[in-house]
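**Q** So the working numbering is basically just the index in the sequence shown, starting at one, shifted up by 93.
Virtual Cβ for every residue (Gly too), placed ideally from N, Cα, C.
None of the values given here were measured: they were computed from a predicted structure.
Sharing a structure, written as structure tokens. Questions coming.
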Amino acid sequence: MQKDAYTKKARQIIAHARTQAESLGHSFIGTEHLILSMLSDGSNVGAALLRTHRVPLNRFQQAVRSEVGSAEPSVLTESAVTPALRRILLKAEKQRPSGAVISSEVLLRTVLEDEQCGAAMLLRGMGVSLHTLRGACGQELPDDAGEIPLFDRKACPMLAQYAHHLTDPAAAEQFDPLIGRESEIRRTMQILLRRNKNNPVLIGQAGVGKTAIVEGIAQRILHGDVPESMRGRVILSVDLTAMLAGAKYRGDFEERLKACMDEAVSHPEILLFIDELHMIAGTGAAEGAIDAANILKPRLARGELQIIGATTVSEYRKQIEKDAALARRFQPVKVAEPTASDAAEILCGLRRRYEDFHHVEIGTDAIRAAVDYSVRYLHDRA
94 MQKDAYTKKA RQIIAHARTQ AESLGHSFIG TEHLILSMLS DGSNVGAALL
144 RTHRVPLNRF QQAVRSEVGS AEPSVLTESA VTPALRRILL KAEKQRPSGA
194 VISSEVLLRT VLEDEQCGAA MLLRGMGVSL HTLRGACGQE LPDDAGEIPL
244 FDRKACPMLA QYAHHLTDPA AAEQFDPLIG RESEIRRTMQ ILLRRNKNNP
294 VLIGQAGVGK TAIVEGIAQR ILHGDVPESM RGRVILSVDL TAMLAGAKYR
344 GDFEERLKAC MDEAVSHPEI LLFIDELHMI AGTGAAEGAI DAANILKPRL
394 ARGELQIIGA TTVSEYRKQI EKDAALARRF QPVKVAEPTA SDAAEILCGL
444 RRRYEDFHHV EIGTDAIRAA VDYSVRYLHD RA
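If you want it as structure tokens, here you go:
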């Protein structure tokens, strides 16, 4: 492969195709993994084109699993690249005009031109017209292809001060990719799309990945891999401790929280995330002031506000469940600890990030040993 013939993003997509193959336990690196890598990255033209033709990451991933299967994560070398993928890369390099570089869009078009390769056959099996998608390469993308949610900080000064924007592209780049958790994401999305009782609360032991699920939803919104009505939604993580800090007098906390809620109500695209949701019960209730829960309940009852919460099982039972009116406003989504095989798959998917950070190579045996020893000796940690 001529590395200087590709854009930086295209090189990353090709390199991460190997990671996709390894995480699925496949013995080869093919065009299927190239498309998976493209969709997993999300922030490239090729992925946007696929999404506009109803090919989001989770749908294509399911097609690969059902067609090729999956196994224990493995380690692959360059020799595992299939002849079809080599042929496509060579064709893209030969056909590029002098001085031009190969982008994700060119990679996608070259895959679609080889109708007998694995990825093209999978797409055809999903009902995608290869001719139509090929024709879309090079055309201007629709406005809603991976629409970036906009948060007007000037219009919402209190939320800008006391909340973090999770659907900001710069912030989302720092999140680790979410691997697995499809059922939890699907359940959370179903609740969010309801007309009423549309406030999910993620319940699970500390460290199982509740916040990671919300970050994963934020990434999917950015990539356009969500239902139509979820596109353009803005997820803001509310920092209750920052809101409470410095509130010396009675009513200070109430005023801050109400101002934040007013801003969220006036901007329906805003979706609030409250980690440690149990903190709203009793927070700010010093010297007879109203606590956060009683400020939120009327707005949640009227459907003016949408909140995603996260808390542990014990705190949910102790603080939320005992307040029947508050518990009715939230729909529980149970988040279980990953199984040993799920944990190994997650670590294999994140392997490259840890290798790049620590400047080491991590073998599959080391990952399996880490998971086995954790199961054996660390019973009190998620």
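Rounded to the nearest angstrom, how far is the Cβ of Leu178 from that of Gly123, given a contact under 8 Å?
**A** That belief holds up - the Cβ atoms of Leu178 and Gly123 are roughly 5 Å apart, short of 8 Å.
**Q** Check each candidate in Ser222, Ala98, Ser167, Leu271 and name the one with the smallest Cα separation from Lys187.
**A** Selected option, being the one with the closest Cα: Ala98.
**Q** I believe Ala403 touches Asp435 by the beta-carbon criterion, under 8 Å. Please report the beta-carbon distance rounded to the nearest angstrom.
**A** That pair is no contact at about 19 Å.
**Q** Between the Cα of Arg326 and those of Thr334, Gly339, Arg147, Ile310, spot the shortest distance and give me the residue it belongs to.
**A** When only C-alpha atoms are compared, the closest one is Ile310.
**Q** So if DSSP puts Arg368 in a beta bridge, which residue, or which two residues, is it bridged to?
**A** Reading the sequence as shown, one finds Asp at residue 368 and not Arg. Per DSSP, Ala403.
**Q** Thinking just about the alpha-carbon of each residue, which of His119, Glu115, Leu129, Ser120 is nearest to the one in Asp106?
**A** Note that residue 106 corresponds to Ile in the displayed sequence, not to Asp. Checking every option, the nearest Cα to that of Ile106 belongs to Leu129.
**Q** Please state whether DSSP places Gln298 in a helix, a strand or coil.
**A** Coil, per DSSP.
**Q** Specify whether the segment 295-311 and the segment 334-354 touch according to this definition: at least 3 beta carbon pairs, one from each stretch, less than 8 Å apart.
**A** Output reads no: the segment 334-354 does not touch the segment 295-311.
**Q** To the nearest angstrom, how far is it from the Cα of Ala429 to the Cα of Gly297?
**A** Rounded to whole angstroms, Ala429 to Gly297 spans 6 Å at the Cα level.
**Q** Apply the 10 Å Cβ neighbour rule to Thr405 and answer buried if 16 or more other Cβ atoms are within range, or exposed otherwise.
**A** The residue is buried, with at least 16 neighbouring Cβ atoms inside 10 Å.
**Q** Where do the N-terminal and C-terminal ends of the alpha helix (DSSP H) with Pro176 fall, by residue?
**A** 176-188 is the extent of the alpha helix (DSSP H) around Pro176.
**Q** Under 8 Å Cβ to Cβ from Ala213, same chain only, skipping five residues before and after it: list those, please.
**A** Correct list, in chain order: Thr124, Val204, Leu205, Asp207, Leu223.
**Q** Any idea if Glu321 is buried or exposed, counting beta-carbon neighbours within 10 angstroms, 16 or more meaning buried?
**A** By the neighbour-count rule (16 or more Cβ atoms within 10 Å), Glu321 is not buried but exposed.
**Q** Using 8 Å as the threshold, is the C-beta distance between Ser167 and Thr457 below it?
**A** Going by C-beta atoms, Ser167 is nearer than 8 Å to Thr457.
**Q** Would you mind giving the Cβ-Cβ distance between Val294 and Gln424, rounded to the nearest angstrom? I have them listed as a contact below 8 Å.
**A** With a Cβ gap of about 7 Å, Val294 and Gln424 count as contacting.
**Q** Go ahead and pull the three-state DSSP assignment for Leu471.
**A** Coil at Leu471, not helix or strand.
**Q** Tell me whether His119 sits in a helix, a strand or coil according to DSSP, three-state version.
**A** Here His119 sits in coil by DSSP.
**Q** So the candidates are Asn291, Arg349, Glu414, Arg446; which of them puts its Cα closest to the Cα of Arg395?
**A** Among Asn291, Arg349, Glu414, Arg446, the Cα nearest to that of Arg395 belongs to Asn291.
**Q** Would you mind working out which of His371, Ser191, Ala352, Phe121 sits nearest Ala164, comparing C-alpha positions?
**A** Per the Cα distances, Phe121.
**Q** From Val161, Leu132, Ser159, Thr175, pick the residue whose C-alpha is nearest to that of Arg147; which is it?
**A** Of the listed residues, the one whose Cα sits closest to Arg147 is Leu132.
**Q** Give the range of the beta strand (DSSP E) segment to which Ile328 is assigned.
**A** Ile328 -> beta strand (DSSP E) spans 327-331.
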